[in-house]
Structures are given as C-alpha cells and as structure tokens.
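Peer 1: The structure follows.
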Amino acid sequence: MATIKDVAKLAGVSISTASLALNNQPHVREETRKKVLEAAKQLNYQPNGIARDLKSSKTYTIGLILADLAGPFYSELIRGIQDVTASNGYDLVALSAVGENPKSVRYIQEKRTDGMIIMAHNISTEMIRKAARPDFPIIVLDRKMEADHIYSVGVDNRKAAFEAVSYLLKKGYRRIGYLGGPSNSTDNQQRFLGYRDALKAQGLKVEPKWCLQGRFVKEGGYQAVKLLAAQDLLPEAIFSANDEMAIGAMEALEERGIKVPQEVAIVGFDDIQLARYVRPALTTVRQPMYDMGSMAASLLFRLFQKDRSVRSVMLETELIIRESCGGNPSISGGDGKWNGGE
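The opening residue of the sequence shown carries number 1150 in the numbering used here; numbering runs sequentially from there.
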C-alpha cells in the first residue's frame, strides 16, 4: 500500500508539502498541488490517515506552541513543562504562532510530536479540534474546550480580574480603566468580564474611553496610555490584563511626570519576575505559571498511559499587593497577599 512518503517521492516534494497539498491548504502553489494529486492518483494512494503515515512510531517529543516566544511571561511555563518532559525521557519543541502562516500550524496538522500543549490565541479552536486524536492529545492553556482528546489547564481569569478590580474599588477608586490584549484572546475576554462584573457590583458602568488595547505587549501598553494621557483622559486607576502592558503604562505615565500610585494606580496580571523590581513595585494577580506548565505536561503523560479521568484542571491565583496601587505590604520581600477582605 502506498504511503505519503511514496507520493512525495514521486511528486518530487517533501513529505510535509505533500501533506499540505493533500489537505488542500491554501499556501501550496497550484502547480505543486497538481503534481502531488497526480502522484497520489498514480499510486492509488488513499489519504485515510496522513498523520499515521507521518508518525508511524513515537517521536518521544512534546510540542509547545505559544503566541510569541519573546518576553518574560513564558519562561516559568516552559521550565515547568521541560522539567516534566525531561524526567520522562522526552524532548520539548517550542514554537511560536507569530505570522500569517506560522510553521507551528504544520506541527499540529501533521502531528509531528506525540502530543501538544497550546497557549496561542491565534491558533483557532476549529484547527485544534480537527487535529486532536486518541494518539495525539492536545492540552490548551488559554481556553476551555469541550471536545474529544482535548484537555485544559488554566486559571479562573474572570474571578481573578474581579478580585483585582474589587480591591481597587475597596481602596476608593471609582474611575478605573481597562488595558486589554487582543480581542480574540479568551484570557483577555474573561479578564474584561471580571473587570466589568466588579464595576457592576458597585453600580458603576464601563466607560469606553477608558478601555484600551495594548496587544499584551509592553510597547502596546506604553502607546495606549501615552495617547490617553496626551488627551487628559486618564482615569484614577488602570487594571491591565497583563504585567507587560502595565509596565509599559507606568513608563508612559513617568514620562509625563504623572506619579504612580499618587495620581494613577496600576494593577497588572501574571506576576512576571520584573513586576517586583519596577518602581513602584507592581501590584498584580499571580498565576502559577510553573505549576501550569508542569501540570499540563503531567496530564499529557497520563493520557499517553490511557488515563483520561481528568479533563480539566483549574489552578488558584493570588492578588499580590505591592506599591503601584497604594498598597502597604506587611510581609518581607515587599509582597502582601489580599484574601478578598477589607
């Protein structure tokens, strides 16, 4: 029986190109597609399992796809995954989903690894559903999906954001802005809902002029707040959907001589390492990135052993009180943990 390897050889292309052509992917040249289809016809190839052709045996490799490999956010996540994969004798391949047709998409479609962990909002839910198989389980970290062979590890972003904004409200702030990430990010959507819920609980409405887009990057936070400050439209406080944007916002305020937290308070999300070292130190929601990574990898290895008893894992977050919203930490190291009380 002909395999995709035979088709690729006859057509004079790589196996991956043959796979893309047979899957009718748009970024394969029409001339190449015709050659591959003609080769498949000559060999009477039946494309009833491209993934099995490409992966006839274990690769002992785990794939990790992230929205972007740059920045400080992912370091602890990667370390958590790597510690588990290494202890099980597996390699880890980390790929970014940056660009219009990222290479990482082929890794999903062609199932080049034994399993995949995905934290990339620009990898569509539909693509993930199509790729997941019993022998190719997928763990998602930035969304919750109800589908076969797809599992999730994450935090309750809506609840965590609600608690962070509620803390600002308890401190007396009423005009609170939202500095958000990409609109197609589930994390961003849930954090915005938590922000909105907290305002609504106090009889306040979301003000569109204080809802900013920072793309989850430092430069985005800097530019958004710089523009708002130039128009004299600054709120009393800003809840930022991640720390990188929050730090960019603080830089923009500092440039204009606006003091944090005396004039504008800032609260972030993630608790990246830099959060405690910027000045003023950043109050933020801590999500356990190392634990998220190690839990996701551990869940994959359970799935390899046919243990499908756990479909999703929800980890706890903490609001870490520092100086950027007028906090007064009382424990060593400059961090205080708010339990939701007064």
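C-beta atoms are modelled at their ideal positions from N, C-alpha and C, and glycine is treated no differently.
Please classify residue 1453: does DSSP put it in a helix, a strand, or coil?
Peer 2: What you label residue 1453 is simply residue 304 of the sequence shown in a count that begins at 1. Helix.
Peer 1: What are the residues that DSSP puts in a beta bridge with residue 1474?
Peer 2: To locate residue 1474, count along the sequence shown from 1; it is residue 325. BP columns for residue 1474 are empty, so no partner.
Peer 1: How about residue 1365 and residue 1330: do their beta carbons lie closer than 8 Å?
Peer 2: Within the sequence shown, the letter at position 216 stands for residue 1365. Within the sequence shown, the letter at position 181 stands for residue 1330. Taking 8 Å as the Cβ cut-off, residue 1365 and residue 1330 qualify as a contacting pair.
Peer 1: Count the C-beta pairs between the segment 1350–1358 and the segment 1308–1326 that are closer than 8 Å, then say yes if the count reaches three, no if not.
Peer 2: Below 8 Å, enough C-beta pairs join the segment 1350–1358 and the segment 1308–1326 to call them touching: three or more.
Peer 1: Decide if the segment 1400–1411 is in contact with the segment 1369–1379; the criterion is three or more beta carbon pairs, one per stretch, under 8 Å apart.
Peer 2: yes
Peer 1: Look up residue 1179 in the DSSP assignment and say whether it is helix, strand or coil.
Peer 2: Locating residue 1179 in the sequence shown gives position 30, counting from the first residue. DSSP places residue 1179 in helix when its eight states are reduced to three.
Peer 1: Identify which residue in 1152, 1345, 1300 and 1334 has its Cα closest to the Cα of residue 1325.
Peer 2: Here residue 1325 corresponds to residue number 176 of the sequence shown, with the count starting at 1. Considering only alpha carbons, the answer is 1345.
Peer 1: Around the Cβ of residue 1235, are there at least 16 other Cβ atoms within 10 angstroms (buried) or fewer (exposed)?
Peer 2: Translated into the one-based positions of the sequence shown, residue 1235 becomes position 86. With fewer than 16 Cβ atoms within 10 Å of its Cβ, residue 1235 is classed as exposed.
Peer 1: One question on the structure: do residue 1265 and residue 1214 come within less than 8 Å of each other, judged by their Cβ atoms?
Peer 2: Walking along the sequence shown from the start, residue 1265 turns up at place 116. Walking along the sequence shown from the start, residue 1214 turns up at place 65. Their beta carbons are under 8 Å apart, which means residue 1265 touches residue 1214 by this criterion.
Peer 1: Suppose you measure from the CA of residue 1262 to the CA of residue 1244; what does that come to, to the nearest Å?
Peer 2: Here the question's residue 1262 lines up with position 113 in the sequence shown. Here the question's residue 1244 lines up with position 95 in the sequence shown. Within the model, the alpha-carbon separation for residue 1262 versus residue 1244 is close to 12 Å.
Peer 1: Can you list, in chain order, the stretches of the alpha helix (DSSP H) that have 4 or more residues and sit fully within the segment 1245–1326?
Peer 2: 1252–1259, 1274–1280 and 1306–1319
Peer 1: Ignoring anything shorter than 4 residues, give me the alpha helix (DSSP H) runs that lie fully in the segment 1388–1456, in order along the chain.
Peer 2: 1392–1404 and 1438–1453
Peer 1: Taking the beta carbon of residue 1228 as the centre, do at least 16 other beta carbons fall within 10 Å, making it buried, or is it exposed?
Peer 2: By 1-based counting over the sequence shown, the position of residue 1228 is 79. Per the 10 Å Cβ criterion, exposed.
Peer 1: Using the C-alpha atoms, what's the distance from residue 1471 back to residue 1425?
Peer 2: One-based indexing of the sequence shown puts residue 1425 at position 276. One-based indexing of the sequence shown puts residue 1471 at position 322. So the alpha carbons of these two residues sit roughly 8 Å apart.
Peer 1: What span of residues does the alpha helix (DSSP H) with residue 1166 cover, start to end?
Peer 2: Position 17 of the sequence shown, counted from the start, is the residue given in the question as residue 1166. Note, residue 1166: alpha helix (DSSP H), 1164–1171.
Peer 1: Tell me the DSSP secondary structure of residue 1152 in three-state form.
Peer 2: Translated into the one-based positions of the sequence shown, residue 1152 becomes position 3. Three-state result, residue 1152: coil.
Peer 1: Name the residue from 1256, 1343, 1269 and 1447 whose alpha carbon lies nearest to the alpha carbon of residue 1280.
Peer 2: Residue mapping note: residue 1280 aligns to position 131 of the sequence shown, counting from 1. Residue 1256 is the option with its Cα nearest to residue 1280.
Peer 1: In its own chain, which residues sit with a C-beta less than 7 Å from the C-beta of residue 1527, not counting the 5 before and 5 after it?
Peer 2: The chain is shown from 1150 up to 1491; residue 1527 falls before or after that span and cannot be answered.
Peer 1: Could you tell me the boundaries of the beta strand (DSSP E) in which residue 1362 lies?
Peer 2: Mapped onto the sequence shown, residue 1362 falls at position 213. Per DSSP, residue 1362 is one residue of the beta strand (DSSP E) stretching across 1360–1362.
Peer 1: In this structure, how does DSSP classify residue 1216 when only helix, strand and coil are distinguished?
Peer 2: As a first step, residue 1216 must be located in the sequence shown, where it is residue number 67. Correct three-state label for residue 1216: coil.
Peer 1: What is the rounded straight-line gap between the Cα of residue 1358 and the Cα of residue 1388?
Peer 2: Here residue 1358 is taken as the residue at index 209 of the sequence shown, counted from 1. Here residue 1388 is taken as the residue at index 239 of the sequence shown, counted from 1. About 14 Å.
Peer 1: Exposed or buried, what is residue 1292 when buried is set at 16 or more other beta-carbons lying within 10 Å of its beta-carbon?
Peer 2: Position 143 of the sequence shown holds residue 1292. By the 10 Å Cβ count, residue 1292 comes out buried.
Peer 1: Could you tell me how far apart the beta carbons of residue 1209 and residue 1232 are, in whole angstroms, since I believe they sit closer than 8 Å?
Peer 2: The residue labelled residue 1209 in the question sits at position 60 within the sequence shown. The residue labelled residue 1232 in the question sits at position 83 within the sequence shown. Going by Cβ atoms, the distance from residue 1209 to residue 1232 rounds to 16 Å, so no, they are not a contact pair.
Peer 1: When you compare only the Cα positions, how much space is there between residue 1162 and residue 1260?
Peer 2: As a working note, residue 1162 is residue 13 in the sequence shown. As a working note, residue 1260 is residue 111 in the sequence shown. Straight-line Cα distance between these residues: approximately 19 Å.
Peer 1: How many Å lie between residue 1188 and residue 1247 at the Cα?
Peer 2: Translated into positions along the sequence shown, residue 1188 becomes position 39. Translated into positions along the sequence shown, residue 1247 becomes position 98. Distance between the alpha carbons of residue 1188 and residue 1247 is about 33 Å.
Peer 1: Any idea if residue 1332 is buried or exposed, counting beta-carbon neighbours within 10 angstroms, 16 or more meaning buried?
Peer 2: In the sequence shown, residue 1332 corresponds to position 183, counting from 1. It counts as exposed.
Peer 1: Taking only the alpha-carbon atoms, compute the straight-line gap between residue 1221 and residue 1252 and give it to the nearest angstrom.
Peer 2: Position 72 of the sequence shown holds residue 1221. Position 103 of the sequence shown holds residue 1252. Between residue 1221 and residue 1252, the C-alpha separation is close to 22 Å.
Peer 1: Taking Cβ to Cβ, would you say residue 1160 is nearer than 8 Å to residue 1185?
Peer 2: By 1-based counting over the sequence shown, the position of residue 1160 is 11. By 1-based counting over the sequence shown, the position of residue 1185 is 36. Between residue 1160 and residue 1185, the gap from beta carbon to beta carbon is short of 8 Å.
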